[in-house]
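Written out below as structure tokens is the structure these notes cover.
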Amino acid sequence: MELYVYEDYRDVIAGITGRELTDALIVMSLEASGLGRYQVERTDRGKPYIRNRDRGCGEGCGEGCGEGRGEGCGAGGEIHVSVSHSGRYFLCLIADRPAGVDVQEERETAVEKISRRYFTAREQRFVQEAGADGFFRLWARKEAYSKYTGLGLEEIMKGTEVLGRDDVEFFDFQLEKGIYCSCCRMIQTGEKDI
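What follows is the structure, encoded as structure tokens:
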């Protein structure tokens, strides 16, 4: 899993905005990661991804080699991409399995009121103890989890707990004071949450 952070991202590529800029920044991130240049595709819900990319295993076998077994060498497959932007930051997460990323810029908000509406009872207690810092950390987690699942934010907001999950792992951090980030990815068999 690799995370690319672009500060003042609207100035990175002159003359383009919106989805075109998002796709260009995804392509830049793929190139920076050494994966090359690929066409960005999207799910029905708009989540970006790279389909069936053949990385090859270095043995000259190519797509679907499987050493004659028809199952592929495991070197190809989808690249999972998740993006987020807030304020002057744009984040692009590239992973070999389902993943999501979110960045939230702290702003004046009705923390308690929004928590009651969108957070579980356990999450509300967390926010009461941690204040605005806890609220923005959890909100970033909820959005990252939403992007990981590919479901809309409304679908997972109230009924989905993001504290203490054992099916995904979260990496929470701040880019700077008041800029909260969370990366979420599926835990593969044998891995432990960190």
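Everything in the sequence shown is counted per the working numbering, starting at 365 for the first residue and increasing by one. Virtual Cβ for every residue (Gly too), placed ideally from N, Cα, C.
Leucine 367 in three-state terms, based on DSSP = Working through the sequence shown from its first residue, we reach residue 367 at position 3. Correct three-state label for leucine 367: strand.
Residues in its own chain within less than 7 Å of glutamate 366 by CB, not counting five upstream and five downstream?
-> On the sequence shown, residue 366 is found 2 positions in, with the first residue counted as 1. For glutamate 366, where only same-chain residues beyond five positions count, the Cβ hits under 7 Å are Ser397 and Ile458.
Just reading off the beta strand (DSSP E) that aspartate 466 is part of, what are its end residues?
-> As a first step, residue 466 must be located in the sequence shown, where it is residue number 102. Aspartate 466 -> beta strand (DSSP E) spans 463-469.
Tell me whether the beta-carbon of leucine 502 lies closer than 7 Å to the beta-carbon of serine 510.
-> In the sequence shown, residue 502 corresponds to position 138, counting from 1. In the sequence shown, residue 510 corresponds to position 146, counting from 1. No; because the gap between Cβ atoms is not below 7 Å, this pair is not in contact.
Which partner residues does methionine 550 have in the DSSP bridge list?
-> Position 186 of the sequence shown, counting from 1, holds the residue named residue 550. Looking at the DSSP assignment, methionine 550 forms a beta bridge with Val532.
Could you work out which residue in Arg461, Lys506, Asp466 and Ile520 is closest to isoleucine 543 when comparing CA atoms only?
-> Within the sequence shown, numbered from 1, the residue matching residue 543 stands at position 179. Taking only the C-alpha atoms, the option nearest isoleucine 543 is Asp466.
Just curious, the alpha helix (DSSP H) that tyrosine 512 is in, first and last residue?
-> Walking along the sequence shown from the start, residue 512 turns up at place 148. Its alpha helix (DSSP H) spans residues 485-513.
Put leucine 394 into one of helix, strand or coil per three-state DSSP.
-> Taking the sequence shown and counting its residues from 1, the one referred to as residue 394 is at position 30. Reduced to three states, the DSSP call for leucine 394 is helix.
Would you kindly report the start and end of the unbroken beta strand (DSSP E) that includes tyrosine 482?
-> Walking along the sequence shown from the start, residue 482 turns up at place 118. No beta strand (DSSP E) holds tyrosine 482; the alpha helix (DSSP H) holding it covers 475-482.
Going by Cα to Cα distance, which pick from Gly498, Ile478, Tyr512 and Arg480 is closest to glycine 464?
-> As a working note, residue 464 is residue 100 in the sequence shown. Minimum Cα distance to glycine 464 is reached at Tyr512.
Which residues bound the beta strand (DSSP E) around leucine 455?
-> Numbered from its first residue, the sequence shown carries residue 455 at position 91. 453-459 is the span of the beta strand (DSSP E), which, as asked, contains leucine 455.
Can you list, in chain order, the residues of its chain whose CB lies under 6 Å from that of glutamate 470, leaving out five sequence neighbours each side?
-> Locating residue 470 in the sequence shown gives position 106, counting from the first residue. Only Phe500 and Gly542 meet the Cβ criterion.
State buried or exposed for leucine 527, treating a residue as buried only when at least 16 other CB atoms are found within 10 Å of its CB.
-> The residue labelled residue 527 in the question sits at position 163 within the sequence shown. Leucine 527 is exposed by the Cβ-count criterion.
Nearest-angstrom Cα distance between isoleucine 443 and aspartate 460?
-> For the purposes of this step, residue 443 is taken as residue 79 along the sequence shown, with counting starting at 1. For the purposes of this step, residue 460 is taken as residue 96 along the sequence shown, with counting starting at 1. Cα to Cα, the separation comes out at about 5 Å.
Go ahead and label alanine 378 buried or exposed: buried means 16 or more other beta carbons lie within 10 angstroms of its beta carbon, across all protein chains shown.
-> Translated into the one-based positions of the sequence shown, residue 378 becomes position 14. That one is exposed.
Could you please give me the residues that DSSP links to isoleucine 520 through a beta bridge?
-> Numbered from 1 along the sequence shown, position 156 holds the residue referred to as residue 520. DSSP output for isoleucine 520 lists no bridge partner at all.
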